[in-house]
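Q: Counting along the sequence shown from 1, when you hit position 274 you're at 291 in the working numbering, and nothing is skipped either side.
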Amino acid sequence: MKTERLYQKDVYLREALCEAAAVYRTPEEHAAAGIKFREGAMTVELDRTVFFPEGGGQPCDLGTIGGLRVLDVKEDKASGAVYHRVEAGELPEGPLLCVLDWQRRFDHMQMHCGEHIVSGLFRSVYGIENRGFHMGDDYMTIDMAPGEDSEVSEITDEIVRDIEMKANEAVWADLPVSTVYFDTREEANASPVRKKIKFDEDISVVFIGDREAPLDCCACCGTHVSGTGQIGLITILKGENYKGMLRLTMKAGRHAVKDALRDEQIMLRVCRRYSAEAPELEAKMDAAEAKNGLMRKELYDLKKDILASEAGKLLAAFASEPDRRFAVYEYPILSASDLQDLAHLVEKKAPGLAALVSGKSPDAVLVSSGDPACGQLVREYASMYKGKGGGNALQARAIFGSREDLALFLDLLEKHLRR
Ligand SMILES: [Zn+2]
């Protein structure tokens with residue numbers, strides 16, 4: 018049966034006593050009624066409801082029915098019935114008290130109304146059309162593209178910022194918001210609708226502002242605040258190219274204000290860190306970044322010098338003991354990745370096997386002239402001491418969890434090579 022939608026008469030109604038027209042509990046009962054079954058849930062059909070079912074890009078309302086939590090609300094387009102999926106449980110006898118999660122609903126009312134204002138302004142000021150809409154939990158996206166009669170070919174950031182300011186001016190003007198229900202599309206299309214209406218059932222048209230010259234007028238089944246002042250704030254966060262359109266992410270109402278207050282605190286902290294006022298923050302960050310870049314370059318040059326000098330010492334040590342089969346060299350301040358660079362400078366010139374050990378981590382870089390093959394030694398022996406790593410015949414890295422394991426690994430290599 019068709020469910021009476023109480024929110025259409027009073028969008029501020031937060032609770033109501035409603036009669037259950039039917040309750041579907043088993044998978045069989047759901048199947049017979051053509052409703053999807055979900056484990057641990059049952060479906061309640063009501064004679065009237067305060068819950069907005071999912072539709073028109075707006076998520077459904079949540080709350081409780083007879084004390085049971087509502088999980089989702091959907092409408093059956095053919096019959097007009099509204100199905101409320103609630104957690105499985107016992108419903109009380111008699112009329113059921115239906116209570117909205119009001120904060121969620123009011124968020125949606127603020128958001129949807131904010132979206133109308135933004136879409137209406139894009140259309141009237143620049144001839145830019147809303148081609149798609151999605152409402153998430155705390156944000157919305159709208160896909161915009163210039164219409165055929167538009168004088169703009171591209172939606173610039175300047176345009177977006179202009180609309181954002183005009184949208185907030187519409188909030189301050191506290192324009193009335195009304196929903197009008199029409200019996201035929203001809204009657205509905207006589208209003209200055211933003212998009213011509215192409216359906217004949219349940220036509221509702223939302224007007225923002227004066228009915229004769231509205232800021233926006235559009236067919237919409239969603240829920241909206243009764244005056245634009247209740248939105249508080251509208252922000253347009255970002256624009257991304259999407260299938261040849263511009264996808265804008267926007268916020269309106271509580272979530273926009275919450276973000277703005279949070280961002281203000283972040284901004285204050287970052288400004289303090291850079292000893293800057295907000296307008297000069299980016300310039301100060303750029304300067305700090307440039308300084309860091311110079312320091313990184315200096316460090317790179319210094320390291321290159323150190324590695325060249327260490328390579329010289331290593332080659333001299335190799336030359337002094339051409340018959341040595343294994344030697345360990347310790348480097349307190351060089352990291353394992355520095356030692357890999359060092360290994361590159363001396364590989365192919367090492368007699369036997371050299372292990373370069375980092376003082377920064379329990380890692381070793383093996384280097385040889387290819388015999389013994391370094392990678393193979395790591396693969397065969399490192400895992401015996403919970404180590405891992407790898408490399409090629411000329412050099413390989415072995416990584417351990419502790420210095421003790423690394424020492425055991427090096428001992429083993431020495432014994433192995435003595436044979
Ligand atoms: Zn709407």
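The C-beta atom is built at its ideal place from N, Cα and C for all residues, glycine as well.
Keep in mind that this is a model prediction, so the values were computed, not measured.
Output the residue ranges of the alpha helix (DSSP H) runs that lie fully inside the region 261-299 and measure 4 residues or longer, sorted by chain position.
A: Counting only runs of 4 or more, we get 271-290.
Q: Using only CA atoms, which one of Arg-414, Asp-179, Arg-420 lies nearest to Ser-385?
A: Looking up residue 385 in the sequence shown gives position 368. That would be Arg-414, whose Cα lies nearest to the Cα of Ser-385.
Q: Are the beta-carbon atoms belonging to Ile-82 and Leu-113 less than 8 angstroms from one another?
A: Locating residue 82 in the sequence shown gives position 65, where the first residue counts as 1. Locating residue 113 in the sequence shown gives position 96, where the first residue counts as 1. Yes, the Cβ-Cβ distance between Ile-82 and Leu-113 is below 8 angstroms.
Q: Just to confirm, are Ile-248 and Gly-270 a CB contact at a threshold of 8 angstroms?
A: The residue given as residue 248 occupies position 231 in the sequence shown. The residue given as residue 270 occupies position 253 in the sequence shown. Yes, they are a contact pair.
Q: Sort Lys-26, Arg-279, Gly-72 by Cα distance to Phe-150 and report the nearest one.
A: Reading the sequence shown from its first residue, position 133 is the one you call residue 150. The residue with the shortest Cα to Cα distance from Phe-150 is Gly-72.
Q: Can you check which of these residues, Ala-372, Arg-279, Asp-388, Cys-237, is closest to Lys-365 by C-alpha distance?
A: For the purposes of this step, residue 365 is taken as the residue at position 348 of the sequence shown. When only C-alpha atoms are compared, the closest one is Asp-388.
Q: Whose CA, out of Gly-84, Lys-91, Phe-69, Arg-102, lies closest to the CA of Met-126?
A: Within the sequence shown, numbered from 1, the residue matching residue 126 stands at position 109. Measuring from the Cα of Met-126, the nearest candidate turns out to be Phe-69.
Q: May I have the straight-line CA-CA distance separating Met-267 from Ile-225, to the nearest angstrom?
A: Walking along the sequence shown from the start, residue 267 turns up at place 250. Walking along the sequence shown from the start, residue 225 turns up at place 208. Each residue's Cα considered, the two are about 18 angstroms apart.
Q: So what does Phe-216 bridge to, in DSSP terms?
A: Your numbering for residue 216 matches position 199 in the sequence shown. According to DSSP, which records beta bridges pairwise, Phe-216 is partnered with nothing at all.
Q: Scan the region 381-427 and note each continuous beta strand (DSSP E) run of 3 residues or more that stays entirely inside, going in chain order.
A: Within the region 381-427, the complete beta strand (DSSP E) runs of at least 3 residues are 405-408, 412-416.
Q: What residue range is occupied by the uninterrupted alpha helix (DSSP H) comprising Gly-149?
A: To locate residue 149, count along the sequence shown from 1; it is residue 132. That residue, Gly-149, is in no alpha helix (DSSP H); its beta strand (DSSP E) goes 145-152.
Q: According to DSSP, simplified to helix, strand and coil, what is Arg-341?
A: Start at 1 with the first residue of the sequence shown, and residue 341 comes out as number 324. Of the three classes helix, strand and coil, the one that applies to Arg-341 here is coil, per DSSP.
Q: Can you tell me the Cα-Cα spacing of Lys-301 and Ala-295, whole angstroms?
A: Along the sequence shown, one-based indexing puts residue 301 at 284. Along the sequence shown, one-based indexing puts residue 295 at 278. Spanning the two alpha carbons is a distance of roughly 10 angstroms.
Q: Would you decide whether Asn-258 is buried or exposed? Buried here means 16 or more other CB atoms lie within 10 Å of its CB.
A: One-based indexing of the sequence shown puts residue 258 at position 241. Exposed, since its Cβ has fewer than 16 Cβ neighbours within 10 Å.
Q: Name the residue from Arg-65, Gly-137, Tyr-346 whose alpha carbon lies nearest to the alpha carbon of Cys-235.
A: Along the sequence shown, read from residue 1 onward, the residue named residue 235 stands at position 218. The shortest Cα separation from Cys-235 among Arg-65, Gly-137, Tyr-346 belongs to Gly-137.
Q: Quick check on the DSSP output: what are the complete alpha helix (DSSP H) runs of length 4 or more inside the region 195-261, in order along the chain?
A: You should have 202-206.
Q: The alpha helix (DSSP H) spanning Val-177 covers which residue range?
A: Along the sequence shown, read from residue 1 onward, the residue named residue 177 stands at position 160. Note, Val-177: alpha helix (DSSP H), 174-189.
Q: Can you have a look at Phe-216 and say buried or exposed, based on whether 16 or more other CB atoms are within 10 angstroms of its CB?
A: Translated into positions along the sequence shown, residue 216 becomes position 199. By the neighbour-count rule (16 or more Cβ atoms within 10 Å), Phe-216 is not buried but exposed.
Q: Between Pro-379, Pro-339, Ala-333, which has its C-alpha nearest Ser-354's C-alpha?
A: As a working note, residue 354 is residue 337 in the sequence shown. Among Pro-379, Pro-339, Ala-333, the Cα nearest to that of Ser-354 belongs to Pro-379.
Q: Inspect the CB distances between the region 335-345 and the region 370-378 and report whether three or more fall short of 8 angstroms.
A: A contact exists between the region 335-345 and the region 370-378.
Q: Could you pull the start and end residues of the beta strand (DSSP E) that Cys-35 belongs to?
A: In the sequence shown, the residue the question calls residue 35 occupies position 18. Run containing Cys-35: 32-35, per the beta strand (DSSP E) assignment.
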